[in-house]
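To start, the structure itself, in structure tokens.
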Amino acid sequence: MESGPITGPVLTDAAAGETPLRPADLSGVPAKPNPAVATGEIGGTFWRRFIFRRPLAALILQRLGLSVGLLFAVSLMIFGGIEALPGDFATTYLGQSATPQAVENIRRDLGLDRPWSERYLDWLGGAVQGDFGTSWASKNSVSEQIGNRLGNSLFLAFFAALISVPLAVGLGMLAVQFRNRMPDKIINVISLAAISLPEFFIGYLLIMFFAVKWGVATFPATVYDSMSFAERLSAIALPVATLVLVVLAHMMRMTRAAILNVMSSAYVETAELKGLGTFRIIARHAAPNAVAPVINVIALNLAYLVVGVVVVEVVFVYPGMGQYMVDAVTVRDMPVVQACGLIFAAFYIFLNMAADILAILANPRLRHPR
Amino acid sequence: MNLRSIPLSAWVGIIGIAIAALCAIFAPVIAPFGERDVVGEIWAPAGGDFLLGTDNLGRDLLSRLIYGARTTIFVALAATLISFALGMILSFTAAVTGGFVDQLFSRFNDLMMAVPTLIFALVVLAVLPQHLWILILVMAVLDSTRVFRIGRAVALDVAVMEFVEAARLRGEGSLWIIFREILPNTLSPLLAEFGLRFAFSILFLSTLSFLGLGIQPPAADWGGMVKDNKDGIIFGISAALVPGAAIAALAICVNLVVDWLMKRTSSLKGGRGDA
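Protein chains in written order, with the working numbering: chain A, 1 to 370; chain B, 371 to 645.
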């Protein structure tokens, strides 16, 4: 975010709320590769030669390493940070009026009497192998439950992405084409309003009209194994529509800002002054330079989508990860909360990494350290 | 700046915020019924005694909406104020001190931002006991990561200016530089950011309350009211949509004002002005 922190992109960026990470700065990091990685530790000269010969592969490897490191730090924070917070699992779990004996018993039952570092290593070791322990509330295997529900959530997110990405890019380009004229203003006002709508409001509005008043959609969007593919699709129609509406506005505004950023650059002005046609300017001059930021925008919004499913699943009673996590939080079922938290964070981190890597691939200027 | 230069959209926003603020301040005077009084049958339709109908327990929806404005705006505003105080102090310290402190704060901030806000809040609220001030504090700390990032970027721009260097050579301390040199020069972009964070806080608080983790009943709050009345939707009762619309309207109003503030500050910076 080096270019003008107060101009367009930041507005939409920050409005997205969940806009994230983007480790350090998009253009800042590749410019000066992490000194610790670049020079020391990982076998000095070999790594240096590798950077010299394969700068692109080295950059991507660095990003990959950074993300994995970040994920470990996050796991430590999700587990250890919670440990450091005031309040004891057992006391909050049982409520204020619990007898000391009951608290002691439950602590021993859940293995909370062991030191936390030992429990963390146990948990991490299991998590790496895909075993998240057993739920406190239901005594079921957490991984098994997540296995069923993760697929459902991804199914939902996939279709939402499939619809919203082309729509957002198209509308964004339309807004740029008619910038500061009527279509742009209409799109701007509507998207500003859409950003301000809470997900659950959009969801219930859709339910009210499409499911209750007109009866064209099904409401509790339950899916089960024996459903056919077509039945599943009709069940998730409303949740997908909600997600699309939620993400579309953000994505469109960011696309518009990204393309406008390119359009207001000096070389486009030159092309205009040369007398080239609008279409030629967009196709030959602006588009190749706008691809990188647009891809970045899309990846960032997909990361946002992963979080958006939480509320939407609760609204539509859809059996996915988000609902599982919210239910677990209400009964303070920590193994489930931690597992879901880690998985959501992992998706988020890796989508952001994908955004970074795609930006580097699409924009050769980011590849060469200055 | 004069009143005429304010565009229509910004006026709409300002009036909307003013109405909500008036409702919040004078709630006991304006509301026809009490916040927690059961006054009629369950889910009575709008009209008659109850302008917007009643909720799932037979409480007057309009009265709860007015009291809800109080809770929602108070908590969101408190969270935003604390997050700004926290984020700005830390980011300005990082920008002025530089070096190790800057690296430490920034990397820790990156780490905090690596977990989606809602997920982070869910994990933390699962452990902490349910108190209002804990909720405000959690929202503030999570939000301050965004303030930190913006604040640091803006402050870095100012920190390299000649007048800051002059102040430094004059022998002023870091505190003086932060409050007398950097703060006044970063205030206008940060004001727009404040509005943005406030709108986000309202939505975030409502989402948490809707999920049952925010403000606890029987206190009226807009997100919680949607949760209370959501079962009525299947029967075609729109009681849940009313507080939802209130949240949306307030957030839109704040965003309209922010949009205007942003345009003003970006036009001050020159450029072709269409980005």
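Glycine included, every Cβ here is placed at the ideal spot set by N, Cα and C.
Residues that residue i bridges to, as DSSP identifies them
i               : result
S141 of chain A : A:T134
G417 of chain B : B:F420
Listed by chain order, chain B residues near residue i by CB distance under 8 Å
i               : result
G133 of chain A : Those do not exist, as G133 of chain A stays about 15 Å from chain B at its closest Cβ, beyond 8 Å.
M208 of chain A : I603, G606, S608 and L611
V240 of chain A : None at all; the shortest Cβ gap to chain B is about 19 Å.
G125 of chain A : Neighbours of G125 of chain A on chain B: none; closest Cβ ~20 Å, over 8 Å.
Within chain B, the residues that residue i reaches when beta carbons sit closer than 9 Å
i               : result
F350 of chain A : Correct list: empty, because the minimum Cβ distance to chain B is about 11 Å.
M321 of chain A : None at all; the shortest Cβ gap to chain B is about 10 Å.
Among the options, the one whose alpha carbon lies nearest that of residue i
i               : options                           : result
V315 of chain A : A:A359, A:T222, A:L233 and A:I343 : A:T222
G80 of chain A  : B:G438, B:V497, B:L474 and B:L451 : B:V497
V524 of chain B : B:I459, B:V445 and B:V409         : B:I459
R516 of chain B : B:D407, B:L566 and B:A380         : B:L566
P198 of chain A : A:Y267, A:R63, A:V312 and A:A286  : A:V312
T134 of chain A : A:D333, A:V74 and A:I187          : A:D333
A362 of chain A : A:V331, A:I186 and A:V291         : A:V291
A355 of chain A : A:Y324, A:L302, A:M173 and A:V309 : A:L302
A283 of chain A : A:Q177, A:L273 and A:R119         : A:Q177
V528 of chain B : B:L581, B:G404, B:I548 and B:F454 : B:I548
S265 of chain A : A:N289, A:M251, A:L248 and A:L243 : A:N289
V309 of chain A : A:L66, A:G130 and A:L154          : A:L154
S558 of chain B : B:Q586, B:W630, B:F580 and B:R406 : B:W630
Residue i, DSSP secondary structure in three states
i               : result
T45 of chain A  : helix
D430 of chain B : strand
R22 of chain A  : For R22 of chain A, the pLDDT reaches just 42, beneath the cut-off of 50, and the residue's location in the model is therefore unreliable, leaving the point undetermined.
T424 of chain B : strand
V408 of chain B : strand
G172 of chain A : helix
A36 of chain A  : Low per-residue confidence applies at A36 of chain A: pLDDT is 44, beneath 50, and the placement is therefore not dependable, though the value from the model is reported in the following sentence. Residue state, collapsed to three classes: helix.
S228 of chain A : coil
F178 of chain A : coil
Y204 of chain A : helix
F209 of chain A : helix
L501 of chain B : Residue identity check: residue 501 of chain B is His in the sequence provided, not Leu. Note: H501 of chain B maps to coil in three-state DSSP.
V530 of chain B : coil
L273 of chain A : helix
L507 of chain B : helix
P30 of chain A  : Any answer about P30 of chain A is weak, because its pLDDT of 43 lies below 50 and its placement is not dependable; what the coordinates show is given next. Correct three-state label for P30 of chain A: helix.
W214 of chain A : coil
E118 of chain A : helix
E535 of chain B : helix
R332 of chain A : coil
V445 of chain B : helix
P239 of chain A : helix
R540 of chain B : coil
G320 of chain A : coil
T62 of chain A  : As written in the sequence, residue 62 of chain A is Gln, which differs from the Thr given in the question. Here Q62 of chain A sits in helix by DSSP.
Residues that residue i contacts on chain A, provided the C-beta gap is smaller than 9 Å
i               : result
L481 of chain B : L70, A73, V74 and M77
G438 of chain B : Near G438 of chain B there are no residues of chain A at all, since even the closest Cβ is about 14 Å away, more than 9 Å.
V530 of chain B : None at all; the shortest Cβ gap to chain A is about 14 Å.
V596 of chain B : P198, F200, F201 and Y204
Contact list for residue i against chain A, beta-carbon separation under 7 Å
i               : result
N625 of chain B : L192, I195 and S196
D629 of chain B : L192
S576 of chain B : P198
A569 of chain B : S196
I618 of chain B : According to the sequence shown, residue 618 of chain B is Ala rather than Ile. The answer, in chain order, is S196, L197, P198 and F201.
Chain-ordered neighbours of residue i on chain A, where CB pairs are closer than 8 Å
i               : result
F580 of chain B : P198, F200, V311 and V314
L505 of chain B : Result: empty, since nearest Cβ-Cβ is about 13 Å, beyond 8 Å.
Contacts of residue i in chain B (Cβ-Cβ under 7 Å)
i               : result
K274 of chain A : Neighbours of K274 of chain A on chain B: none; closest Cβ ~17 Å, over 7 Å.
F344 of chain A : P486 and I489
F219 of chain A : I604
Hey, is the stretch 249 to 260 of chain A in contact with the stretch 187 to 195 of chain A, meaning 3+ C-beta pairs nearer than 8 Å?
yes
When the Cβ atoms of the stretch 575 to 591 of chain B are set against those of the stretch 441 to 452 of chain B, are three or more pairs found closer than 8 Å?
Flag = yes, the stretch 575 to 591 of chain B and the stretch 441 to 452 of chain B touch.
Do three or more CB pairs link the stretch 340 to 347 of chain A to the stretch 602 to 618 of chain B at distances below 8 Å?
No, the stretch 340 to 347 of chain A does not touch the stretch 602 to 618 of chain B.
Assess contact between the stretch 157 to 172 of chain A and the stretch 297 to 310 of chain A, defined as three or more Cβ pairs (one per stretch) separated by less than 8 Å. Is contact present?
yes
Mind the definition here: the stretch 393 to 401 of chain B touches the stretch 434 to 444 of chain B only if three or more C-beta pairs lie below 8 Å; say whether that holds.
The stretch 393 to 401 of chain B, when compared against the stretch 434 to 444 of chain B, does touch it at the 8 Å Cβ threshold.
Validate contact between the stretch 611 to 623 of chain B and the stretch 380 to 393 of chain B using beta carbons, cut 8 Å, 3 pairs
Yes, since at least three Cβ pairs between the stretch 611 to 623 of chain B and the stretch 380 to 393 of chain B fall closer than 8 Å, the two stretches touch.
I want to know whether the stretch 147 to 160 of chain A touches the stretch 108 to 125 of chain A - three or more CB-CB distances under 8 Å.
no
Hey, is the stretch 225 to 232 of chain A in contact with the stretch 240 to 254 of chain A, meaning 3+ C-beta pairs nearer than 8 Å?
Because the criterion of three Cβ pairs below 8 Å is not met, the stretch 225 to 232 of chain A and the stretch 240 to 254 of chain A do not touch.
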